[in-house]
Amino acid sequence: MSRWRATTRIAVRQARRAWTSSLLIVALVAVPIMAMTGGSIYVASRWPTPQEKISAEVGTMQAWVQPAGAPGSGLWQVPWNPRWTGYITEEGMSSGGGIPDADAPRDPRAALPAGTEVVQISRGQARLTTRAGTTVVEAWAGAVGDARLSGRFDLVDGRAPRAATDVLVTAAVLERTGAVVGGRIELDGQQYEVSGVVRVAGVGRDVGAVAFTDAARFASSQWLLPDQPLTWEQVQTLNAAGFVAYSRTVVLDPPPFSMPDGESVSPTTEMLANYQQLALVLGAGALAAGYMVVMLAGAAFAVSARRQQRALAVAASVGADSTDVSRIVRLQGAVLGAVGGVVGAAAGTGLAAVVIAATDDGSRTRFWGFHVPWVVVIAILAFALLVGTAAALMPARGVAKNDVLRALRGARRPQSLAVSRPLAGSLLLLVGIGVTFVSALIAAGVATLENTPSDSPLRWLPIVGIVLGPIVVQVGIVMSGRWLLAGCARVVTRVSVSARIAARDAVANGARTVPAFAAIAATVFSGVFAVAMGGMISAQTIRLYDYAAPIGVAVAQVYPMDTTAEATEADAAAVAAAAASMLRDVGATATATIARQQPIWAESADAIPADLVRAVAVTPERARTDPAVGFTRSSNRELRDPSNNLTIVAPEAVATVTGVQLTPSQRAEYATGAALVLAGDVVTKGTVAVAAWTEREWYTGLAPDNFSRDTDRQNALTPPQWSVTLPAIEVGAGDQAVGVAIAPSTAERLGIRAVAAAVYGAFPDVPTTDQKDRIAALTPGLASTAYTVTARVEEGPRGVGDWLVPLLALVTVTVLGASAVALGLARFERRPDDATLAAVGGSAMLRRNIAFWQGLVIAGFGTVAGAAAGVLPPLGFVLQSRATPQALDAVDIWWPTILVVVLGLPLAVAVVNWLVPPRRADLTRRTTIA
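Laid out in structure tokens, this is it:
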């Protein structure tokens, strides 16, 4: 024990004496600890405690009850989560199913104990007139101003409503209408007085919401119980009556609960599942960050240990054995790791507080509180201690082997290059490459096996090999790092004296340079892998993206409520007209309506009118796909559905709907009967074949699927009711929805019956966020009893800038940081060599050039090694995907971006290192080489 106390005391003193390197190591450990601690607090703050959840649901009341099913229907709910429901049917459990055919109850008071006080709150939407026009906001009705609802509804200004014409509003409503407390606003066409401002749990500060006084205003209601607690048995009784309930008593003391299928669930298991997911994410990040820190901090420890060799030799000369000397360095790592952990945890806590404050939207449910997951934080601190100790292991092993007399004289021996490590590293490098490509070929072969189960090891093991192989390559590069640097040095030494000195210095100090370029390689590996895969997946996403309209155009799609009956043209036209009016109110300068044939899906063919027909542009046999493929880009789009691929578009609406500007001659030809082909291979010798089958034939499969080659089935098809050949106008326009368009006059001539299917709105400029919000808010009000409407602005496939730019920034910062650490250590350790170089006439420019080549060698070697390993998994996945319909393409990899990373970053590091002037050489320092 006395030896431990002595070595600990020496370790702490040495860490204080070498405060510059100690500060660097503490910073290296603290940065990932800060990120992990801050991230865990951020995530945990989004998980509510039972008390916080209760406050947001019932305020200070006891419970709420609401209708959810039919009495006696077998309704069940999870005790602490009444939104998790289902029905026990004769066939078994139906989780989350619809309400069985029966009358749902409306008022729970008959199912509650006699005399129970209830407060009814209903919820719906209201149309609000703002300074910019009309919009739709969330609305509540009832005693929202009741102080017992504090936590769910908080009155922050003004008073509670007293009259039927009083309303409470959120601060966002005042901002959007320009009203003040005591002023008036227009809701649903009527004037109301703003009696106060309310804050609603779950509603952000920028979201408009209002609260009326008449509790029965909306169809969806909750009944809150101010004083009546509900036990679990009472909740189950309410379930039997068709109600679900949220009870303070049950949530605070949840009973044991098993799903109808026997699966046991509890709030504890749900919270543990959350923490398991957090632990997985933190574990993955810890592995990557730990590797980086161990490499860079290990390099710093190696330099520090060499600077301490005389002090350690003195300790050895007075009785410390090699174990004690090694322990001193290991304890330095443990001490600095612990300090870095504490500093990082404190900084992470502060960072989390800042980020939470900056991203809080004002609702109670985005961040429930400031929750510090102490168990996770303690584990993170233990990880910091482990990382600090691990970083000191190799330097500790090295100092234990030092010759005491040589160390006392301050002599250094040039490091020898062993043969075994390069050979083993080269072998691992080749094995990693082989594993990657062999796994890719196996995965491609398995993809063609239809009978292989999805959970078979044959499915996932090759994928693991594709990812694991490059990691083995990284290990091989690290093991053979000094040998590879030596080979690089033989080439670089021919360039100049400064290049020769820099390269030889990198080889001679492998304990410092190899960890540095290994850390850079690991970062570049991750970045190149993500960039390569992102490029291929992004390109594939763009190819397969389902455009609803040209980019920047709003589209309101009209769908029938009942697809079992023939669509009513007048009803569809009325809804479409309302949608067009809404788009013009929002700011569209041009609107256009398209029409389509409406398929009917009935319980039987006999229920479909016999005279209904549906026409299609017939796909030629040459363009049909193999039945085994079953998917193409065109066939997956609604307006290009092979069984309903004709769209009726007026000639003057073509530009708005498709973004295509027809020439005067094309427009005239289109108006007089030609088909406009924008996508799909349906043209044969300048014409398009259009044929029609009855809806009954489409329903029973006697019409062709118009998609695949199926010669056996084709023999049983019925001939079309009619067929014509139309002239084709071929215009390539893939970035929109329409496949084949015909004019309304052409459809009328062919006898095609169609109804309004969508309304397009073109804006003079890119629609603003406010305009998009208004479209989203106003769309629900367009629905009728026969039709529903969905609307959005087409923005195209998601851009890559939102993740590519941060990724490249992270890679750049990490590479620059790792390079700065490595080159700073090199400058610190080279001070005696600089003194020797200056003493023999070396100029300041020579030392600058040495710094340039040091940066180029270390950063360049790391980026090249990382990029070479990083492209292996994407290439493996390219091979693996060859057997699938949506194969990845190596051409889509962003090779220029990778080239910029490989060449640009090392050059930038080298230039910056050249620009930073070297210190004035201390000519009193000399290095003895023995």
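Terminal number for the sequence shown in my numbering: 1741, no gaps in between.
Yeah, the Cβ is synthetic: ideal placement off N, Cα and C, and Gly gets one too.
Item, Value
"Alpha helix (DSSP H) segment containing residue 1135, residue limits", "1133-1170"
"Per-residue DSSP class, three states only, for residue 1052", "coil"
"Closest residue to residue 1723 among 1681, 1630, 1673 and 1655 (Cα-Cα distance)", "1630"
"Same chain only: Cβ atoms within 6 Å of residue 950, ignoring 5 sequence neighbours per side", "935, 936, 937 and 1021"
"Residue range of the beta strand (DSSP E) that includes residue 1573", "1566-1573"
"Backbone CA spacing between residue 1004 and residue 945 [nearest angstrom]", "18 Å"
"Secondary structure of residue 1409, DSSP reduced to three states", "coil"
"Reference residue 1272, options 1250, 1533 and 1288, closest by Cα", "1250"
"Every unbroken alpha helix (DSSP H) within the segment 1464-1543, with a cutoff of 4 residues, ordered by chain", "1465-1469, 1475-1482, 1506-1511 and 1522-1525"
"Cβ-based neighbour list, residue 1687, same chain, cut-off 6 Å, excluding 5 preceding and 5 following", "1247, 1251 and 1277"
"Residue 909 - DSSP class collapsed to helix/strand/coil", "At residue 909 the pLDDT is 49, less than 50, meaning the model places this residue with poor confidence; the figure from the coordinates comes in the next sentence. Note: residue 909 maps to coil in three-state DSSP."
"6 Å Cβ shell around residue 1282 - same chain, five flanking residues per side excluded", "none"
"Residue range of the beta strand (DSSP E) that includes residue 947", "944-953"
"Start and end residues, alpha helix (DSSP H) containing residue 1178", "Premise fails: residue 1178 is in no alpha helix (DSSP H) and is neither H nor E."
"Pair within 8 Å by beta-carbon distance, residue 1237 and residue 1291", "yes"
"Any beta strand (DSSP E) of 3 or more consecutive residues that is wholly inside the segment 1323-1394", "1365-1371"
"Reference residue 1426, options 1436, 1357, 1495 and 1535, closest by Cα", "1535"
"Residue 1199 versus residue 1655 - alpha carbon distance", "37 Å"
"Bridge-paired residues (DSSP) for residue 986", "According to DSSP, residue 986 bridges with nothing at all."
"For residue 1706, three-class secondary structure by DSSP", "helix"
"Selection from 1045, 1540, 1070 and 1068 that minimises the alpha carbon distance to residue 1059", "1045"
"Three-way DSSP call (helix, strand, coil) for residue 1031 in this model", "strand"
"Residue closest to residue 1112, alpha-carbon to alpha-carbon, out of 1729, 1142 and 1335", "1142"
"First through last residue of the beta strand (DSSP E) which encompasses residue 933", "930-941"
"Exposed unless 16 or more other CB atoms sit within 10 angstroms - verdict on residue 1093", "buried"
"Cβ contact (3+ pairs, closer than 8 Å) linking the segment 1663-1681 and the segment 1712-1721", "yes"
"Reduced DSSP secondary structure (H/G/I, E/B, other) of residue 1401", "strand"
"Beta-carbon separation (whole angstroms), residue 1346 vs residue 1284, contact threshold 8 Å", "Wrong, their Cβ atoms sit about 21 Å apart, outside the cutoff."
"Reference residue 1584, options 1501, 1397, 896 and 1494, closest by Cα", "1397"
"Whole-angstrom distance between residue 1554 and residue 1594, CA atom to CA atom", "27 Å"
"Inter-stretch contact at 8 Å, needing at least 3 Cβ pairs: the segment 1376-1395 / the segment 1348-1363", "no"
"Nonlocal neighbours in the same chain, by C-beta distance under 7 Å from residue 1145, ignoring five residues either side", "1196, 1199 and 1200"
"Alpha helix (DSSP H) segment containing residue 1458, residue limits", "Here residue 1458 belongs to no alpha helix (DSSP H); instead the beta strand (DSSP E) covers 1457-1459."
"contact_flag[the segment 1359-1370, the segment 1566-1581] where n(CB pairs < 8 Å) is 3 or more", "yes"
"Among 814, 1305, 1434 and 1254, nearest to residue 1492 - alpha-carbon criterion", "1434"
"N- and C-terminal bounds of the alpha helix (DSSP H) containing residue 1676", "1655-1681"
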